[in-house]
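Only one structure is covered here, and it is reproduced in the block below.
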Amino acid sequence: MSSASPHINTIYVHNLNDKVSLKKLRQSLDEIFNKFGTIIQITAHKNLKMKGQAFITFETAESAAKALVKLQNHQLFNKPIKIQYAKTNSDNYFTQVANDPKPIETRKELKAKQQTKKRTADESEQKPQKKKIKIDDWKKLPPNKILLLQNLSGSVDQTKLSSYFEQFAGFVTARLVKARNLSFVEFENDSASTECISKVDSVVLKENFGDEAFLTYAKK
Numbered sequence: 016m017s018s019a020s021p022h023i024n025t026i027y028v029h030n031l032n033d034k035v036s037l038k039k040l041r042q043s044l045d046e047i048f049n050k051f052g053t054i055i056q057i058t059a060h061k062n063l064k065m066k067g068q069a070f071i072t073f074e075t076a077e078s079a080a081k082a083l084v085k086l087q088n089h090q091l092f093n094k095p096i097k098i099q100y101a102k103t104n105s106d107n108y109f110t111q112v113a114n115d116p117k118p119i120e121t122r123k124e125l126k127a128k129q130q131t132k133k134r135t136a137d138e139s140e141q142k143p144q145k146k147k148i149k150i151d152d153w154k155k156l157p158p159n160k161i162l163l164l165q166n167l168s169g170s171v172d173q174t175k176l177s178s179y180f181e182q183f184a185g186f187v188t189a190r191l192v193k194a195r196n197l198s199f200v201e202f203e204n205d206s207a208s209t210e211c212i213s214k215v216d217s218v219v220l221k222e223n224f225g226d227e228a229f230l231t232y233a234k235k
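Right, dumping it as structure tokens:
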């Protein structure tokens with residue numbers, strides 16, 4: 016919360032006794048604060064985020080300033096209340112006093128942008144995790160004489176595939192499925208394919224076939 020602002024009509028009151036009912040709290044706040052000017056709105060909730068807090072909007076910034084100074088550390092329900100300026104005025108202030116709904120729309124737009132940004136960030140964090148889970152699932156498959164090389168870069172061709180896997184004993188053929196960016200690599204038996212997987216260097220594999228490429232047994 017801001018410590019001072021001549022243009023803010025809303026004050027943030029905290030360190031309130033959260034054992035008191037909302038109705039009683041609002042009534043008490045109204046009685047204490049209306050001595051400094053007309054109150055437009057008192058916002059207080061019982062949820063965890065707003066517990067022991069309230070926002071009070073006055074008709075004028077002068078009233079808010081006086082209340083902030085005069086009632087700082089005022090005892091209310093056996094607790095000294097703390098007061099600061101709110102970051103922005105309430106929606107009711109803009110509609111009833113300023114007669115200008117634009118700031119409300121601006122805040123709504125900003126909030127929507129922030130939510131979209133957060134959602135995008137969350138999705139970005141989840142994508143690598145989902146990809147890792149998918150790769151882990153493939154690696155759990157039982158031995159098969161046919162291997163599956165996935166996430167190939169667009170530049171990979173049949174010749175490059177064959178040239179790479181010919182170095183491994185028992186290699187039979189490599190079949191490129193260009194449309195799906197993958198290749199089936201067949202060996203004479205499970206032992207030969209297993210030996211290939213154990214000897215493949217993942218760094219070299221990615222250098223040859225793309226940064227996202229990975230090799231596993233194919234599904235039977």
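Everything in the sequence shown is counted per the numbering used here, starting at 16 for the first residue and increasing by one. We treat Cβ as the ideally placed atom computed from N, Cα and C, and that holds for glycine. From a predicted model like this one, the values you see are computed outputs, not experimental measurements.
Limits of the alpha helix (DSSP H) - the one that residue i falls within
i: Ile98; result: First-last for Ile98: 97 to 100, but that is the beta strand (DSSP E), not the alpha helix (DSSP H).
i: Thr103; result: Here Thr103 belongs to no alpha helix (DSSP H), and DSSP marks it neither H nor E.
i: Ile26; result: From DSSP, Ile26 is part of no alpha helix (DSSP H) but of the beta strand (DSSP E) over 25 to 29.
i: Asn223; result: 217 to 224
i: Phe51; result: No alpha helix (DSSP H) holds Phe51; DSSP gives it neither H nor E.
Whole-angstrom C-beta distance between residue j and residue i, which should lie under 8 Å
i: Ala207; j: Leu163; result: Not a contact, Cβ separation roughly 15 Å.
i: Phe224; j: Phe202; result: Actually they are not in contact, since the Cβ atoms of Phe224 and Phe202 sit about 18 Å apart, beyond 8 Å.
i: Ala228; j: Asn166; result: 5 Å
i: Ile161; j: Val215; result: Ile161 to Val215, Cβ: 15 Å. No contact.
Residue j beta carbon less than 8 Å from that of residue i
i: Ala82; j: Asn24; result: no
i: Glu74; j: Ile55; result: yes
i: Leu176; j: Ala189; result: yes
i: Val35; j: Phe92; result: yes
i: Asp33; j: Lys66; result: yes
i: Ile71; j: Ile26; result: yes
i: His89; j: Ile57; result: no
i: Lys154; j: Thr231; result: yes
i: Leu44; j: Lys61; result: no
First through last residue of the beta strand (DSSP E) which encompasses residue i
i: Gln68; result: 68 to 73
i: Lys165; result: Residue identity check: residue 165 is Gln in the sequence provided, not Lys. First-last of the beta strand (DSSP E) with Gln165: 161 to 165.
i: Ser198; result: 197 to 202
i: Val192; result: 186 to 192
Burial state of residue i, where buried means 16 or more other Cβ atoms lie within 10 Å
i: Val218; result: exposed
i: Val84; result: exposed
i: Leu31; result: buried
i: Val171; result: buried
i: Ser198; result: buried
i: Tyr179; result: buried
i: Leu86; result: buried
i: Ala69; result: buried
i: Lys235; result: exposed
i: Thr53; result: exposed
i: Ala184; result: exposed
i: Thr174; result: exposed
i: Thr135; result: exposed
i: Leu156; result: exposed
Bridge partners - residue i, DSSP secondary structure assignment
i: Arg41; result: In DSSP, Arg41 forms no bridge with anything.
i: Gln56; result: Thr72
i: Ala232; result: Looking at the sequence shown, residue 232 is not Ala but Tyr. Tyr232 pairs with Leu162.
i: Leu91; result: Lys94
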